[in-house]
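Residue numbers (UniProt numbering): 1 to 117. Beta carbons are placed, not taken as given, at the ideal position from N, Cα and C, and that holds for glycine. A short write-up of the structure that comes next.
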Amino acid sequence: MDKVLIRELKVETVIGIYEWEKKIHQTLLIDLDMAWDNKLAAASDDYQHALCYETVSNRLTALITEKPIELIETVAEMVANCLINEFNVLWVKVAVMKPGAVPTAKSVGVVIERGHI
């Protein structure tokens with residue numbers, strides 16, 4: 001199966017469990033590997049058959065910034081569910097990183113895989 005990739009999608013949102021975090025915007029970086037059959041799009045050179053990374057990026061940004069979220073685990077599940085249910089992606093690997101969350105680490109994060117290839 002082919003894959004469509006998005007790397008380090010930057011989303012500024014309210015994320016965290018602490019009261020001070022609920023009053024500020026923080027950065028999340030999201031990496032996506034999405035199973036998608038690219039043969040028809042490549043053969044026809046027709047955008048209608050492609051998984052549009054701009055549309056995906058805009059939808060996920062809107063989803064994540066819609067309301068405050070406490071956990072990056074929740075963000076990862078929301079993203080995976082959206083891609084499978086709204087974009088008909090059969091399988092997705094989602095990495096959500098929260099830079100600066102731990103002062104002694106460059107970033108912390110979670111990775112999930114959902115669906116079937």
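Within the same chain, show all residues whose beta-carbon is closer than 8 Å to that of residue i, passing over the 5 residues directly before and after it, in chain order.
i, result
"Asn81", "Arg114"
"Lys22", "Val14, Gly16 and Pro68"
"Lys3", "Asp33, Met34, Ala35 and Trp36"
"Trp91", "Met1, Met34, Ala35, Glu113, Arg114, Gly115, His116 and Ile117"
Between the Cα of residue i and the Cα atoms of the options, which residue gives the shortest distance?
i, options, result
"Lys35", "Lys98, Tyr53 and Asp46", "The displayed chain sequence assigns Ala, not Lys, to residue 35. Comparing Cα positions, the closest option is Tyr53."
"residue 158", "Val4, Ala50 and Met78", "The question about residue 158 has no answer, for the chain in this structure spans 1 to 117."
"Glu70", "Lys93, Ala101, Leu5 and Val94", "Ala101"
"Ser57", "Val111, Met1, Leu5 and Ile112", "Leu5"
"Leu9", "Pro99, Pro103 and Tyr47", "Pro99"
Check whether the Cβ atoms of residue i and residue j sit closer than 9 Å, and answer yes or no.
i, j, result
"Met97", "Ile30", "yes"
"Ile72", "Val108", "yes"
"Ala41", "His49", "yes"
"Leu28", "Val89", "no"
In this structure, does DSSP put residue i in helix, strand or coil?
i, result
"Leu40", "helix"
"Val79", "helix"
"Glu8", "strand"
"Lys106", "coil"
"Val56", "helix"
"Glu21", "helix"
"Leu63", "helix"
CB-CB under 6 Å to residue i, same chain, minus the five flanking residues each way: which ones, in chain order?
i, result
"Gln26", "Ile15"
"Asn38", "Asp2"
Buried or exposed for residue i, please, with buried defined as at least 16 other CB atoms from any protein chain shown within 10 angstroms of its CB.
i, result
"Ile117", "exposed"
Go through its chain and collect everything with a Cβ distance to residue i's Cβ below 7 Å, but skip five positions before and after it.
i, result
"Ala76", "Val94, Val96, Val110 and Ile112"
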